[in-house]
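Note that the protein sequences, when read in sequence, are chains A and B.
For the record, in the first sequence the residue sitting at position 60 is 60 according to the working numbering, with numbers rising by one throughout.
For the record, in the second sequence the residue sitting at position 173 is 1173 according to the working numbering, with numbers rising by one throughout.
Just so it is clear, CB atoms sit at the ideal spot from N, CA and C, and this is done for glycine as well.
Data block below; observations after.
Number of protein chains: 2
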Amino acid sequence: MSLKHAILGFLSYTPFSGYDLKKAFDRSVQHFWPADQSQIYRTLAQLEEQGLVTKEVIDREDRLDLKIYHLTPAGLQELQDWLSTPLPAEATREPFLVQVFFAGKIADEEIAAVIEAEIHQVEERVAEYEDMYQKWLQKFPQLENQREFFFTLLTLEYGLRSNKTYLTWLEGALQRIRQKNYVPKEV
Amino acid sequence: MSLKHAILGFLSYTPFSGYDLKKAFDRSVQHFWPADQSQIYRTLAQLEEQGLVTKEVIDREDRLDLKIYHLTPAGLQELQDWLSTPLPAEATREPFLVQVFFAGKIADEEIAAVIEAEIHQVEERVAEYEDMYQKWLQKFPQLENQREFFFTLLTLEYGLRSNKTYLTWLEGALQRIRQKNYVPKEV
DNA sequence: ACATCCTATATGATAAGTCCTATAAGATAA
DNA sequence: TTATCTTATAGGACTTATCATATAGGATGT
């Protein structure tokens, strides 16, 4: 489970409430590790049980208690162990490829429409990443901890590159379907 | 759930037993939709309840009963509806990117080793896909239903292209880490 | 004044998938 | 002969994640 380690990762920078963790996920790793709000709270409870984080309860009189989670030394150790251990080959699930795989069962115009819809989604994603990347590039020279942000930017760079490749493939596929050119390419 | 639709997809070609479905998954879509054996049986039971498949029980005397599943007209309709409906943007989970994202918390040599391990995995995958692709290319001219196989090959082509892009990114990242060059690139 | 949104935490139900194990018999290898 | 592999189906326990909903107060807008 990476959610656990992603939470430890965020807490390794600064303590967080569950609520702020959710916002941190949505702002940064959402594209490769989305996190459900309720799952964050449940995972925090687990991490506390395991002694990897501690809970600081802040009594705010009128308002609800605020719960701030802190990384423990054991938590930092667990994070670093996980970060430096290669993961077993994962199985990505890509339902869109399942659609393409069985597209022989529907008409060309139908699969073409599905591919077009996918192209629009990917184009939006690429534009969004491009935007994020430019913003980071501008901020970068003034940053302390450039090494830390380098890794953040690496993941964005991956998002950009992989989605651009994806887009190229999608566009090529669409073209070949429209031309009724069902002959595979030499790759 | 795509497993349901992938099963309907296979059954749209020919009836299958649960056991043979598992083999079909492992031979073809395993890289983008792996299927657990017990889940296949459970999903087949569900599909039968929903009237999308029918079960033919073959009594083989000494041996265990063999259960062959057939697609119903409703099953074919469900498959075609699903195939021609664009999917909502999915959230891919990529634990490796989580590792890279938080790699600032470990030493360069440690993250470099993790990246190297990933490179090896991806190289193997690319070699495997290249092999599969060449085999298909040779078979292709003699095939009937070239259009159907075109879509199969498209997914393989995607696997090749995306993994090659991934490899390029991994190698670039490794190089920059080794050179302690933490400056982002213009993308 | 009323509605809606934001902050903030949390539970119940369900879905999807994994892992382990059980059962049963034929085929193959050492 | 014994062990392992392949064929063949299936249930139990568990994990991970999602969705809906509940509670509670503050802030903002119309």
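CB contact below 7 Å: residue i versus chain A
| i | result |
| --- | --- |
| alanine 1173/B | yes |
| threonine 1072/B | no |
| tyrosine 1041/B | no |
Proximal chain B residues relative to residue i, where beta-carbon distance stays under 7 Å
| i | result |
| --- | --- |
| glutamine 80/A | Lys1105 and Ile1106 |
| threonine 152/A | Phe1101 |
Cβ of residue i within 7 Å of any chain B Cβ
| i | result |
| --- | --- |
| glycine 142/A | According to the sequence displayed, residue 142/A carries glutamine and not glycine. No - not a single Cβ of chain B is within 7 Å of the one on glutamine 142/A. |
| valine 122/A | no |
| arginine 93/A | yes |
| phenylalanine 25/A | no |
| arginine 147/A | yes |
| tyrosine 69/A | no |
Which listed residue (the options) has its alpha carbon closest to that of residue i
| i | options | result |
| --- | --- | --- |
| glutamate 111/A | Ala1091/B, Asp1108/B, Ala1112/B and Arg1147/B | Per the sequence presented here, residue 111/A reads as isoleucine, with glutamate not at that position. Of Ala1091/B, Asp1108/B, Ala1112/B and Arg1147/B, the residue nearest in Cα terms is Arg1147/B. |
| arginine 125/A | Gly9/A, His31/A, Gly172/A and Phe10/A | His31/A |
| proline 1141/B | Tyr182/A, Glu56/A, Val29/A and Phe10/A | Tyr182/A |
| lysine 44/A | Lys4/A, Ala103/A, Ala74/A and Thr152/A | Looking at the sequence shown, residue 44/A is not lysine but leucine. It is Lys4/A whose Cα lies nearest to the Cα of leucine 44/A. |
| aspartate 131/A | Ser12/A, Leu153/A and Lys185/A | Leu153/A |
| glycine 51/A | Tyr129/A, Phe150/A, Pro73/A and Trp136/A | Pro73/A |
| alanine 1103/B | Arg1093/B, Glu1118/B and Val1114/B | Val1114/B |
| threonine 1014/B | Glu1048/B, Leu1167/B, His1070/B and Ser1002/B | His1070/B |
| glutamate 48/A | Lys180/A, Leu8/A, Thr92/A and Lys164/A | Leu8/A |
| leucine 1160/B | Gln1138/B, Phe1150/B, Glu1123/B and Ile1058/B | Glu1123/B |
| leucine 1011/B | Gly1075/B, Arg1027/B, Val1029/B and Met1001/B | Gly1075/B |
| phenylalanine 1089/B | Arg63/A, Gln121/A and Val98/A | Correcting the residue type first, residue 1089/B is alanine in the shown sequence and not phenylalanine. When each option's Cα is compared against that of alanine 1089/B, the closest is Gln121/A. |
| glutamate 1171/B | Ser1028/B, Gln1080/B, Ala1091/B and Ala1117/B | Ala1117/B |
| aspartate 1108/B | Tyr1158/B, Leu1174/B and Ile1058/B | Leu1174/B |
| threonine 1168/B | Val57/A, Glu157/A and Ala24/A | Glu157/A |
| glycine 1018/B | Thr1155/B, Arg1060/B and Asp1065/B | Asp1065/B |
| threonine 1054/B | Ile1068/B, Arg1063/B and Arg1042/B | Ile1068/B |
| valine 98/A | Leu1079/B, Ala1091/B and Phe1096/B | Leu1079/B |
| valine 1029/B | Ala1006/B, Gln1046/B, Gln1037/B and Ser1038/B | Ala1006/B |
| glutamine 1179/B | Lys180/A, Ile177/A and Phe150/A | Phe150/A |
| serine 162/A | Asp81/A, Tyr129/A, Glu186/A and Lys135/A | Tyr129/A |
| arginine 93/A | Thr1155/B, Phe1016/B, Pro1034/B and Lys1022/B | Pro1034/B |
| lysine 1164/B | Trp1136/B, Asn1145/B, Ala1127/B and Leu1143/B | Ala1127/B |
| glutamate 2/A | Lys1022/B, Asn1145/B, Phe1101/B and Glu1144/B | It should be pointed out that residue 2/A corresponds to serine in this sequence rather than to glutamate. Checking every option, the nearest Cα to that of serine 2/A belongs to Phe1101/B. |
| threonine 1155/B | Trp82/A, Lys22/A, Pro86/A and Lys185/A | Lys185/A |
Strand pairing of residue i, partner residues [DSSP]
| i | result |
| --- | --- |
| histidine 70/A | Thr54/A |
| serine 17/A | Ile68/A |
Within chain B, partners of residue i - CB distance below 8 Å
| i | result |
| --- | --- |
| glycine 51/A | Chain B residues near glycine 51/A: none, gap ~19 Å exceeds 8 Å. |
| leucine 83/A | Gln1099, Phe1102, Ala1103, Lys1105, Ile1106, Glu1110, Ile1111 and Val1114 |
| lysine 185/A | Glu1157 |
Cross-chain neighbours of residue i in chain A, by beta carbon under 7 Å
| i | result |
| --- | --- |
| threonine 1165/B | Arg161, Ser162 and Thr165 |
| proline 1086/B | Val114, Ala117 and Glu118 |
Chain-ordered chain A contacts of residue i [CB-CB under 8 Å]
| i | result |
| --- | --- |
| glutamate 1128/B | Those within 8 Å of glutamate 1128/B in chain A number zero; the least Cβ separation is about 11 Å. |
| alanine 1045/B | Correct list: empty, because the minimum Cβ distance to chain A is about 21 Å. |
| lysine 1004/B | Correct list: empty, because the minimum Cβ distance to chain A is about 10 Å. |
| leucine 1064/B | Residues of chain A passing the Cβ test: none, with the nearest at roughly 29 Å. |
Under 9 Å by beta carbon: chain A residues contacting residue i
| i | result |
| --- | --- |
| glutamate 1090/B | Arg93, Glu94, Pro95 and Phe96 |
Residue i CB to nearest heavy atom of the ligand FMN below 6 Å
| i | result |
| --- | --- |
| glycine 1159/B | Ligands are entirely absent from the displayed structure, and the ligand FMN is therefore not among its contents. |
* the segment 10-34 of chain A: positions lying closer than 7 Å to chain B by Cβ -> The segment 10-34 of chain A vs chain B, Cβ under 7 Å: Ser12, Val29, Phe32, Trp33 and Pro34.
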